[in-house]
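The sequence shown lines up with residues 151 to 563 when you count with our numbering.
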Amino acid sequence: MSQKAAFTEKKFVVTLIFVTSLFLMWGVLHSMSDILNKHFQTVLNISIGDSGLIQFSVFGAYFVMSIPAGLFMKKYGYKPGVILGLLLFAAGLFLFVPAANAASFTFFRIALFIVGCGMATLETVAHPFAASLGDQRSSDLRVNFAQTFNAVGTIIGPLIGGFFLLGGDTVKNTDLTSVKTLYVSIGIVVLLIAVAFVFLKIPALTDPHEVVHSDDPEAVNVDVAPQKPLIQHSHFVWACAAQFFNVAAQAGTWAFFINYGTNVMHFSDTKAAYFFSLFMVMMLVGRIVGTSLMTVIAPNKLLATFAAGSIVMCLIVAQHLGWTSYIALLMINFFFSIMFPTIFSLGLKNLGANTQKASSFIAMGVVGGAFFPYIMGQVANHNVAQAYYMPIICYVVIFLFGFKFYKVKTAKA
């Protein structure tokens, strides 16, 4: 009987802590961009539908930057990739100053695009980085562990954004000064993290995706399959599709959460923003529960189960049933919790030297979040509740991946 794979090794603990901090950081910024949707609707006088272009700017950057980031990582390594991502991240945040001075939605979208390039670089690097800090058999646990702190970041983001951008003060509601102060402050923090990474000493890594456990009876489950083009790895192709629809559903659900609170539940902007933090708490709870369950339930089965739960919740949300629908809306984030990291880690299985390239393509699937909020926003302009029918098709694709198409097909002798 084979020995259970360890979560990580002692020599990787400090590195794993630093990598995990990246997940927390972009969680803060991702969720704050959804606060910007509502703030810009008020301050810049844009429609609910047009505010979805914020997500187009952020997630569209993933389509542009994921492949270059993957190539950069493959050539220079994980650490330089992280530093590049942090520098791009900070540059975009500092551009909020001239954008606010010009009170230009277009300028803000350019700044957000550069922030998105930083996020795309970090996500492309951080997922395989976390996966590489130990045995491949425990990579699902490590990535989900790191993503748990991403969920913590998404709780902090709405609290910060709600206080600085949607507070009751008239200036906060009608002026962009708070936007400048907030994003420049975060930019300084990001630069400090970049400096810390410069001095971080990372132990030599042996990519677990390329290790052959010849003395392990279960080696067939973890050894590298004979090299073939990525397009011929069906589980990888399905992972790219599943990630596209996963982030599409996430971006749309998050983008109009506050509008659901104000338009359907008749909350104030501030109250809706604070419920958005509770929404993110549900994702954190889902990550904790999901990561625990993953020790006894196969990751793919848990993914399919959570996708089915999301479909049911979307149906209830769209019915406009008051608090029943609102609680279902909160529950969507519980079920969403494990999807991104689980799809990522399942898609990287047994890809050997192609792992880093594959990471770029799966990260590029995040571009789904660029298009879906705008399309969903056009429905939300007329009926916010019924707009939540739209993510169902996304969760069907994810269910199919977890139920059947996650399987790694080994090459025939």
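Beta carbons are placed, not taken as given, at the ideal position from N, Cα and C, and that holds for glycine. A quick note: this is a predicted structure, and the numbers were derived from the prediction, not measured.
Alpha carbon to alpha carbon, what distance is there between residue j and residue i?
| i | j | result |
| --- | --- | --- |
| residue 439 | residue 258 | 37 Å |
| residue 497 | residue 556 | 7 Å |
| residue 507 | residue 515 | 13 Å |
| residue 450 | residue 302 | 24 Å |
| residue 500 | residue 558 | 7 Å |
| residue 487 | residue 545 | 13 Å |
| residue 227 | residue 273 | 14 Å |
| residue 404 | residue 552 | 23 Å |
| residue 267 | residue 342 | 19 Å |
| residue 458 | residue 471 | 20 Å |
| residue 320 | residue 190 | Since pLDDT at residue 320 reaches only 40, below the 50 mark, its modelled position is unreliable, and the value read off the structure follows with that caveat. Roughly 14 Å between the two C-alpha positions. |
| residue 171 | residue 164 | 11 Å |
| residue 547 | residue 349 | 42 Å |
| residue 464 | residue 339 | 37 Å |
| residue 466 | residue 407 | 15 Å |
| residue 174 | residue 265 | 15 Å |
| residue 156 | residue 462 | 36 Å |
| residue 434 | residue 485 | 10 Å |
| residue 262 | residue 494 | 24 Å |
| residue 368 | residue 240 | Confidence at residue 368 is low in this model, with a pLDDT of 36, below 50, so its placement is unreliable and the value that follows should be read with caution. Approximately 45 Å between the Cα atoms of the pair. |
| residue 255 | residue 195 | 10 Å |
| residue 269 | residue 212 | 8 Å |
| residue 143 | residue 351 | Within the shown structure, residues of the chain are numbered from 151 to 563, placing residue 143 beyond reach of any answer. |
| residue 335 | residue 178 | 13 Å |
| residue 217 | residue 383 | 18 Å |
| residue 260 | residue 176 | 18 Å |
| residue 422 | residue 447 | 35 Å |
| residue 128 | residue 416 | Residue 128 is absent from the model: the chain starts at 151 and stops at 563. |
| residue 300 | residue 378 | 33 Å |
| residue 247 | residue 188 | 19 Å |
| residue 502 | residue 385 | 14 Å |
| residue 476 | residue 402 | 16 Å |
Quick one: give me the first and last residue of the alpha helix (DSSP H) that residue i is part of.
| i | result |
| --- | --- |
| residue 165 | 163-193 |
| residue 328 | 327-349 |
| residue 304 | 289-315 |
| residue 552 | Looking at the DSSP string, residue 552 is not in any alpha helix (DSSP H), and its letter there is neither H nor E. |
| residue 397 | 384-405 |
| residue 537 | Counting along the chain, residue 537 falls outside any alpha helix (DSSP H), and DSSP gives it neither H nor E. |
| residue 525 | 518-530 |
Using a Cβ-Cβ cutoff of less than 7 Å, which residues in the same chain neighbour residue i once the five nearest sequence positions on both sides are dropped?
| i | result |
| --- | --- |
| residue 271 | 215, 219, 231, 234, 235, 238 |
| residue 158 | 166, 283, 284, 292 |
| residue 326 | 193, 250, 253 |
| residue 309 | 427 |
| residue 387 | 381 |
| residue 444 | 290, 291, 294, 452 |
| residue 414 | 470, 534, 535 |
Only counting the same chain, and skipping five residues up and downstream in sequence, which positions put a Cβ closer than 6 Å to that of residue i?
| i | result |
| --- | --- |
| residue 314 | 328, 332 |
| residue 468 | 535, 536, 538, 539 |
| residue 525 | none |
| residue 520 | 206, 209, 210 |
| residue 492 | 449, 453 |
| residue 186 | 204 |
| residue 528 | 199 |
| residue 504 | 380 |
| residue 245 | 261 |
| residue 355 | 282 |
Quick one: what's got a C-beta closer than 8 Å to residue i's C-beta in the same chain, skipping five residues either side?
| i | result |
| --- | --- |
| residue 490 | 297, 393, 396, 397, 400 |
| residue 222 | 230, 231, 234, 271 |
| residue 390 | 497, 511, 512, 514, 515 |
| residue 371 | Residue confidence is low: residue 371 scores 43 on pLDDT, short of 50, so the model does not pin down where it sits. Its coordinate-derived value is still stated next. Same-chain partners within the cutoff: 287. |
| residue 474 | 466 |
Flag residue i as yes if its beta-carbon sits less than 7 Å from any beta-carbon of chain D, otherwise no.
| i | result |
| --- | --- |
| residue 404 | You won't find chain D in this structure, because it holds only one protein chain. |
Assuming residue i and residue j form a contact by the criterion Cβ under 8 Å, report the distance between their Cβ atoms to the nearest whole angstrom.
| i | j | result |
| --- | --- | --- |
| residue 346 | residue 169 | Actually they are not in contact, since the Cβ atoms of residue 346 and residue 169 sit about 12 Å apart, beyond 8 Å. |
| residue 568 | residue 243 | No statement about residue 568 is possible, as the shown extent of the chain runs from 151 to 563 and does not include it. |
| residue 294 | residue 437 | 6 Å |
| residue 305 | residue 431 | 5 Å |
| residue 353 | residue 224 | Rounded, the Cβ-Cβ distance is 20 Å, inconsistent with contact. |
| residue 202 | residue 523 | 4 Å |
| residue 197 | residue 531 | 6 Å |
| residue 180 | residue 509 | Actually they are not in contact, since the Cβ atoms of residue 180 and residue 509 sit about 19 Å apart, beyond 8 Å. |
| residue 424 | residue 479 | With 8 Å as the limit, residue 424 and residue 479 do not qualify as a contact, their Cβ atoms being about 15 Å apart. |
| residue 483 | residue 549 | In fact, because the Cβ distance is near 17 Å, the residues do not count as touching under 8 Å. |
Which runs of the alpha helix (DSSP H) fall wholly inside the segment 191-268 and span at least 4 residues, in chain order?
198-201, 203-226, 228-244, 246-252
I'd like the ranges of any alpha helix (DSSP H) spanning at least 4 consecutive residues and lying wholly in the segment 430-510.
Those alpha helix (DSSP H) runs which fall completely within the segment 430-510 and span 4+ residues are 449-467, 473-486, 489-497.
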